[in-house]
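Using the UniProt record's numbering, read the sequence shown as starting at 1 and increasing by one per residue. For glycine and all other residues, C-beta sits at the position ideal for the given N, C-alpha and C. Bear in mind that the values here come from a model prediction, so they are computed numbers and not experimental data. Please read the structure below before turning to the comments.
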Amino acid sequence: MIDFNIDEFRRARLRSESEIMAAWPDACPAVSIVCATFNHEAYIEDALRGFLLQRTDFPFEIVIHDDASADNTRAIVQRYADAYPTLIKAVLQTVNQYSRGKKPVPLAAGHAKGRYVALCEGDDFWIDPGKLQRQFDEMRKHPACDISFHAAAVLQADETLAPVADYAKRVTVIPVDRLIAADGAFCPTASLMLKRSLFDRLPDWYYEKAPVGDYYLQVIGALSGGALYLPDAMSVYRPFTAGSWSASLYRKEKAGIVAHTERTLDCLAELDRFTDYRYSASIGRARSLQAFSAAILFLKKKHVRESWYFMKMSWSSCRRLFIGQLFSLSKKLARRTLFGR
Numbered sequence: 001m002i003d004f005n006i007d008e009f010r011r012a013r014l015r016s017e018s019e020i021m022a023a024w025p026d027a028c029p030a031v032s033i034v035c036a037t038f039n040h041e042a043y044i045e046d047a048l049r050g051f052l053l054q055r056t057d058f059p060f061e062i063v064i065h066d067d068a069s070a071d072n073t074r075a076i077v078q079r080y081a082d083a084y085p086t087l088i089k090a091v092l093q094t095v096n097q098y099s100r101g102k103k104p105v106p107l108a109a110g111h112a113k114g115r116y117v118a119l120c121e122g123d124d125f126w127i128d129p130g131k132l133q134r135q136f137d138e139m140r141k142h143p144a145c146d147i148s149f150h151a152a153a154v155l156q157a158d159e160t161l162a163p164v165a166d167y168a169k170r171v172t173v174i175p176v177d178r179l180i181a182a183d184g185a186f187c188p189t190a191s192l193m194l195k196r197s198l199f200d201r202l203p204d205w206y207y208e209k210a211p212v213g214d215y216y217l218q219v220i221g222a223l224s225g226g227a228l229y230l231p232d233a234m235s236v237y238r239p240f241t242a243g244s245w246s247a248s249l250y251r252k253e254k255a256g257i258v259a260h261t262e263r264t265l266d267c268l269a270e271l272d273r274f275t276d277y278r279y280s281a282s283i284g285r286a287r288s289l290q291a292f293s294a295a296i297l298f299l300k301k302k303h304v305r306e307s308w309y310f311m312k313m314s315w316s317s318c319r320r321l322f323i324g325q326l327f328s329l330s331k332k333l334a335r336r337t338l339f340g341r
């Protein structure tokens with residue numbers, strides 16, 4: 001467990017705008033915090049507090065993109081923007097852009113001025129006031145890396161934190177093929193810092209086809225120099241919150257899940273072509289993992305025919321990974337049967 005008290009975090013005094021900026025040499029942001037939010041009224045203040053508690057010797061800005069929330073998120077964002085008019089830039093959509101096929105993160109990043117962009121969605125938050133400074137310093141020490149991330153935590157039902165993305169004990173560079181063979185959860189979104197110029201290099205299919213943008217952003221960002229990893233757990237992820245991608249996927253009907261999975265597999269084929277087939281083996285593992293995940297989701301929903309279809313696809317994409325996934329699932333089922341957990 002990670003030592004963290006969410007009540008103390010919420011009671012911590014927020015400094016004024018002038019206090020936050022006092023140690024900065026100027027007001028030109030070196031880092032832009034980019035936060036995409038939608039229907040996050042129960043969570044957005046935690047995200048904003050995590051941003052405002054950051055202590056840096058360089059200037060940063062906070063870009064909040066609200067995608068026409070139907071709840072009170074917009075009003076909360078506006079209240080903080082009024083209190084911190086220099087620091088916070090509120091981009092408040094009146095029409096939901098995601099429903100029009102546009103990705104909120106690149107839209108928000110289009111308003112960023114910093115050389116680096118630090119991501120955090122509105123239902124996640126940062127728990128370490130030194131996060132930005134530490135990550136910024138490490139990226140400057142590793143100029144060949146276009147993207148970095150760090151260990152994180154999952155907020156559990158009892159509001160304790162369990163560690164995730166605990167891959168190493170020291171700062172290290174993780175090769176791109178390891179990111180490819182995993183999935184978008186390998187790098188927690190709220191842990192990502194990347195060069196803003198990366199958004200200018202994203203291919204058209206990323207905008208036109210990719211159902212979930214984080215995975216491809218991570219992979220393309222790591223192509224030239226790998227992904228820089230910091231072992232400190234400095235952000236928190238909330239699983240299955242209202243408005244989250246994971247929750248919306250689970251709620252989808254059969255046709256929606258099939259369409260989502262087939263778009264994902266199509267994008268992986270695009271990624272294979274984009275990288276001139278240098279990482280075909282890793283992309284095959286990623287295809288197998290995505291198909292297997294869809295098969296399990298259909299099994300939970302008792303759609304046996306669709307589950308079998310994606311099981312076969314997982315097998316054909318990477319037999320070795322498929323067998324490993326099946327073995328892992330069998331162990332979980334055995335534990336649940338024998339021990340009730």
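By the neighbour-count criterion, in which 16 or more other beta carbons inside 10 Å mark a residue as buried, ASP204 falls on the exposed side.
In this structure, the beta-carbon distance from CYS267 to ALA210 falls below 7 angstroms. Looking from the CA of ALA68, the closest CA among GLY225, ILE44 and TYR98 belongs to TYR98. With a beta-carbon spacing of about 16 angstroms, LEU202 and ILE180 fall beyond the 8 angstroms limit used to define contacts.
Taking the Cα positions, PRO143 is about 24 angstroms away from TRP126. In this structure, the CA atom of ALA157 is about 44 angstroms from the CA atom of ASP276. ASP272 counts as buried, since no fewer than 16 other beta carbons sit within 10 angstroms of its beta carbon. The beta carbon of GLN93 sits closer than 6 angstroms to those of ASP67 and ALA68, all from its chain and outside the five residues before and after it, given in chain order. Excluding five sequence positions before and after ALA291, the CB atoms of its chain that fall closer than 8 angstroms to its own CB belong to THR261, LEU265, PHE310, MET311, MET313, SER314 and SER317, given in chain order. Between the C-alpha atoms of MET139 and HIS111 there is a straight-line separation of about 22 angstroms. An exposed status is given to PRO25, since fewer than 16 other beta-carbon atoms sit within 10 Å of its beta-carbon. Taking 7 angstroms as the cut-off, the beta carbon of LEU132 is found closer than this to the beta carbon of THR56.
Contact between the stretch 68–86 and the stretch 33–52 is present, with at least three C-beta pairs closer than 8 angstroms. Taking 3 residues as the minimum length, the beta strand (DSSP E) runs contained wholly in the stretch 209–288 are 227–230 and 235–237, in order along the chain. Taken through DSSP and simplified to helix, strand or coil, LYS300 comes out as helix.
Annotated as proximal: VAL31 and TYR116, with beta-carbon spacing under 7 angstroms. Residue LEU52 holds the alpha-carbon nearest to the alpha-carbon of GLU19 among ALA70, LEU52 and ALA259. A direct Cα-Cα distance of roughly 43 angstroms separates GLU159 from ARG278.
Within the model, the alpha-carbon separation for ARG13 versus ARG49 is close to 9 angstroms. Excluding five sequence positions before and after ARG238, the CB atoms of its chain that fall closer than 7 angstroms to its own CB belong to TYR43, ASP123, ASP124 and LEU155, given in chain order. Collapsing the DSSP output to three states places THR189 in a helix.
Listed in chain order, the non-local C-beta contacts of TYR216 below 6 angstroms within the same chain comprise TYR206 and ALA210, local neighbours out to five positions each way being set aside.
For a cut-off of 8 angstroms, the C-beta gap from ALA90 to ARG196 is around 19 angstroms, too long to register as a contact. Nearest to PRO104 by C-alpha distance, out of ILE283, GLY114, ARG170 and ALA36, is ALA36. DSSP places GLU138 within a helical segment (H, G or I) once states are collapsed to three.
The Cβ atoms of ALA153 and ALA165 do not sit closer than 7 angstroms to each other.
Residue pairing by DSSP places PHE60 opposite VAL31 in a beta bridge. PHE125 is bridged by DSSP to VAL236. By alpha-carbon distance to LYS141, the top candidate from ILE296, LEU119 and THR172 is THR172.
Here PHE4 carries a coil assignment [DSSP, helix/strand/coil]. By the CB criterion at 7 angstroms, ASP71 and ASN96 fall outside the cutoff.
For the pair ASP214 and GLY184, the CB atoms are nearer than the 7 angstroms cut-off. Distance from the CA atom of PHE149 to the CA atom of ALA281, rounded to whole angstroms, is 24 angstroms. Restricted to the stretch 36–88, the beta strand (DSSP E) segments that are unbroken, complete and at least 3 residues in length are 60–66, listed in chain order.
Nearest to LYS113 by C-alpha distance, out of ILE33, MET234 and ARG74, is ILE33. Membership of SER148 in the beta strand (DSSP E) is indicated by the continuous run 147–150.
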